[in-house]
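Here the structure is laid out as C-alpha cells; the discussion comes afterwards.
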Amino acid sequence: MPIPRHGRLALLATAAAGVVVAASVAVIGTADAASTLGASAAQTGRYFGAAIAAGKLGDSTYTGILNREFNAVTPENEMKWDATEPSQGRFTYTNGDRILNQGISMGAKIRGHALLWHQQQPSWAQGLSGSALRNAAINHVTQVATHYKGKIYAWDVVNEAFADGGSGGRRDSNLQRTGNDWIEAAFRAARAADPNAKLCYNDYNTDGVNAKSTGVYNMVRDFKSRGVPIDCVGFQSHLGTSIPGDYQANLQRFADLGVEVQITELDVAQGGNQANIYAAVTRACVAVSRCGGITVWGIRDSDSWRTGENPLLFDSSGNKKAAYTSVLNALNAGGPTNPTTPVTTTPTGNPPSGACAASVSLNSWNGGFVATVRVTAGSAAVNGWTVSLALPSGSAVTSTWNATGSGSTGTISFRNVSYNGQIPAGGYTEFGFQGTGAGPGTASCTAG
Ligand code: XIL
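Going letter by letter, the sequence shown gives residues -33 to -1, 1 to 415 in mature numbering (1 follows the signal peptide of the UniProt record, and there is no 0).
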C-alpha cells in the first residue's frame, strides 16, 4: 500500500529539519543572538524598560546606556500627582514631557506612572477629603491622561492601594476614605480620557501568591466580570535576596484572568543571588505569554532609590554587572519565539516552485514597531533568500535578528543568516527587526 502523500512529506521534512537544527544550535547564543536588553526582549514581542529621571538626561553615560539598551521608559517621579498638579487645577508637564520626548526619540514604549497613589500627593490634595477629594482625584486622572493621550503605552492608573499583611483588603488612605469605588472610578475616567492606553493596577509585595496579591486578584476578577476597564497588572518586584517560588505561577494566574502582566519596578538587593534572581524573574516573564515586558527601577546602582543596596544591572560607572548578563541570556534563551529553524507546513502550491514569498506582521505603538517577517518556500526548496521592503520616510531600523539588513532607512534588503537560508519545500522561517517611526506595509522575496 503506498504511503499517503502527507505522510511522505512529513518524513522528508523531519529528515531535512533535523540537519538544520543541528546547524542552528551552534549559532544561536553567539553572533546572532541579540546583544542589548531591548532587542533581546523584542525577539519575543516584549519590551525591556527603565525608570528614568529628567534631571539625569544631561549625563552622557546615563543616556548612552539608556539609548543603547532599553526600548521602554517610565518616569521615576515626573508624572506623579505632586509633579503634575502642584497647586489645584494648575498643571505642569515640563519634566513629564522631557521623559516623554526622550522615550519618543528612542522609539520606546512609555509607561505612565502613576495617576493616583497615597504617596507623593501635593499638599493641597493631602488636605482634602470626601467629595472634594474624589472630584479632585478624578479631575486629575482626566487632565493628565488627556494631556498624554495617544502617547502612553500603559498607565499605572492606581498604585499601591492594597494593605500589607494578611487581610487581603484595601490600604487605608485619604483616597480609600472617599469610598471603595474610587479605583474603578479612576479606571473609567482614564479610559474615557485615553482609550488607547492600557490601564494597569500596580503594587508591591504582590510578587508571589499571598493574601495581598489575592486581594488584587479578586479585584481584577471582579472588574473583568463587571466590565470595569482594566488591561494590565503591574508587579513592582522590589526584591531582596530571594524570589517567591510561585513567582511565575502568580503572574500566570493573573494572565489567566485576561489581563497583561508587566514587571514594572524590578530591582534586586545585591547579594550572592542577585544575578540568579534577575534571571528567574526574566525567565518567568518570558514563560508567561501575556507578560508584556520588564522595567528595572533605574539604570546604574548610583541611580537607585535603594541607596547602598546596589540593586540594578549597571554599576555606578555604567559597567554591565553579572546580573545584566544573566538577564540578557535569559531573554535570548526565550526567543525568538518564532521559529529560527525552518519549519515544514503542508505545501499550498503558492508561491510557485523555486520561489519564496514574504509576509510582514507588525506590532506597533506610537513612535515605534517590531516587525516579524515570514519567508515561505513554494513547492520546491529554497537555498538562500533576500527580502526587500521599503520603510516609510522618517522610519529607521534599530536592530535586526535572524537576518542581515543592508541599511537602516529607505528600501532595505534583508539577507538570510547562516542557519536559516535553506527552507524545505512548503516550509518557512521568520526574522524580525525593531524600528522607530512607522513600520513597513509589504515585503517581497527573491530566492537564491
Ligand atoms: C520612588 C522613586 O524612585 C524615588 O525617587 C522617590 O523619592 C520615591 O518614589 N513604588 C513606586 C515608585 O511605585 O513610584 C517609587 O519610586 C518606588 C516604590
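By construction, the Cβ of each residue, glycine as well, lies at the ideal position given by its N, Cα and C atoms. Note that the structure is a prediction, hence the values are computed from the model and not measured.
Return the bridge partner residues of residue i from the DSSP annotation.
{"i": "D234", "result": "H205"}
{"i": "I261", "result": "F15 and I230"}
{"i": "Q389", "result": "N350"}
{"i": "C199", "result": "C167 and E227"}
{"i": "G372", "result": "F381"}
{"i": "N330", "result": "V337"}
{"i": "R57", "result": "S54"}
{"i": "A20", "result": "BP columns for A20 are empty, so no partner."}
{"i": "G79", "result": "W122"}
{"i": "P42", "result": "I19"}
{"i": "F281", "result": "R267 and K287"}
{"i": "L356", "result": "I379 and A410"}
{"i": "S72", "result": "Note: S72 sits in no beta bridge, so no partner."}
{"i": "A363", "result": "T403"}
{"i": "A325", "result": "V342"}
Any chance the CB of residue i is under 7 angstroms from a heavy atom of ligand 1?
{"i": "Y245", "result": "no"}
{"i": "Y29", "result": "no"}
{"i": "A17", "result": "no"}
{"i": "W272", "result": "yes"}
{"i": "F44", "result": "What sits at residue 44 in the sequence shown is Asn, not Phe. Yes; taking the cut-off as 7 angstroms, the Cβ of N44 has a heavy atom of ligand 1 nearer than that."}
{"i": "A50", "result": "no"}
{"i": "Y168", "result": "no"}
{"i": "residue 419", "result": "Here the chain covers residues -33 to 415 and nothing more, so residue 419 does not appear."}
{"i": "E232", "result": "yes"}
{"i": "N333", "result": "no"}
{"i": "E127", "result": "yes"}
{"i": "Q229", "result": "no"}
{"i": "residue 416", "result": "Coverage of the chain is limited to positions -33 through 415, which leaves residue 416 absent and any answer about it impossible."}
{"i": "H85", "result": "no"}
{"i": "A121", "result": "no"}
{"i": "H107", "result": "no"}
{"i": "Q203", "result": "yes"}
{"i": "H80", "result": "yes"}
{"i": "Y171", "result": "yes"}
In the DSSP assignment, the beta strand (DSSP E) including residue i goes from what residue to what residue?
{"i": "G399", "result": "G394 to T403"}
{"i": "residue 424", "result": "Examination of residue 424 is not possible in this model, given that the chain is present from -33 through 415 alone."}
{"i": "I337", "result": "Here the sequence assigns Val to residue 337, which means Ile is not the residue at that position. From DSSP, the beta strand (DSSP E) with V337 extends over G335 to A344."}
{"i": "T413", "result": "A410 to A414"}
Quick one: give me the first and last residue of the alpha helix (DSSP H) that residue i is part of.
{"i": "K179", "result": "A178 to R193"}
{"i": "H85", "result": "It is not in any alpha helix (DSSP H) - H85 carries neither H nor E in the DSSP assignment."}
{"i": "A128", "result": "Unbroken run through A128: none, as it is neither H nor E."}
{"i": "G301", "result": "A289 to G301"}
{"i": "A248", "result": "Contrary to the premise, residue 248 reads as Val rather than Ala in this sequence. Q241 to A254 is the span of the alpha helix (DSSP H), which, as asked, contains V248."}
{"i": "Q215", "result": "Y214 to A222"}
{"i": "F154", "result": "W149 to A160"}
{"i": "T173", "result": "T173 -> no alpha helix (DSSP H), and no H or E assigned at all."}
{"i": "G94", "result": "Where G94 is concerned, there is no enclosing alpha helix (DSSP H), given that its DSSP letter is neither H nor E."}
{"i": "E36", "result": "S27 to E36"}
{"i": "S2", "result": "S2 -> no alpha helix (DSSP H), and no H or E assigned at all."}
Taking the alpha carbon of residue i as the reference point, which residue from the options has its own alpha carbon closest?
{"i": "G94", "options": "I261, R144 and K47", "result": "R144"}
{"i": "P211", "options": "V248, K47, I230 and I71", "result": "V248"}
{"i": "N243", "options": "V253, A297, Y115 and S271", "result": "A297"}
{"i": "N68", "options": "Q87, T274, G361 and I19", "result": "I19"}
{"i": "M186", "options": "Q229, E227 and G136", "result": "G136"}
{"i": "R78", "options": "F129, F190, Q87 and C199", "result": "C199"}
{"i": "V340", "options": "A370, W91 and N240", "result": "A370"}
{"i": "G74", "options": "Q88, G22, A9 and S134", "result": "A9"}
{"i": "V183", "options": "A164, L166, Q229 and E127", "result": "E127"}
{"i": "I119", "options": "W272, T61, M46 and S373", "result": "M46"}
{"i": "K165", "options": "Q241, N333, T3 and S269", "result": "N333"}
{"i": "T343", "options": "V327, A246 and Q87", "result": "V327"}
{"i": "S72", "options": "W91, F37, T61 and G97", "result": "F37"}
{"i": "A21", "options": "D282, G5 and G63", "result": "G63"}
{"i": "C252", "options": "D282, R13, G133 and V111", "result": "R13"}
{"i": "A152", "options": "F190, T173 and S284", "result": "F190"}
{"i": "D170", "options": "A160, V228 and A156", "result": "V228"}
{"i": "W264", "options": "V40, T292, Q87 and S411", "result": "V40"}
{"i": "C258", "options": "Y214, S284, G239 and G285", "result": "Y214"}
Any heavy atom of ligand 3 inside 7 angstroms of the beta-carbon of residue i?
{"i": "W264", "result": "As presented, the structure is devoid of ligand 3, carrying ligand 1 as its sole ligands."}
Segment contact, 8 angstroms Cβ cut-off, at least three pairs: the region 196 to 211 with the region 46 to 58: no
Touch test, the region 97 to 110 against the region 68 to 83, Cβ-Cβ under 8 angstroms, three pairs minimum: yes
The region 27 to 44 contacting the region 387 to 398, beta-carbon criterion three pairs below 8 angstroms: Using a Cβ-Cβ distance cut-off of 8 angstroms, the region 27 to 44 and the region 387 to 398 are not in contact, since fewer than three pairs of beta carbons, one from each stretch, lie closer than that value.
Three CB pairs or more closer than 8 angstroms across the region 187 to 199 and the region 233 to 241: No: fewer than three Cβ pairs fall under 8 angstroms.
Validate contact between the region 274 to 292 and the region 215 to 224 using beta carbons, cut 8 angstroms, 3 pairs: no
Three-pair Cβ contact test at 8 angstroms for the region 322 to 333 versus the region 343 to 356: Short answer: they touch.
At least three beta-carbon pairs within less than 8 angstroms, the region 170 to 183 to the region 141 to 159: no
Inter-stretch contact (C-beta, 8 angstroms, three-pair minimum) for the region 401 to 410 and the region 355 to 373: yes
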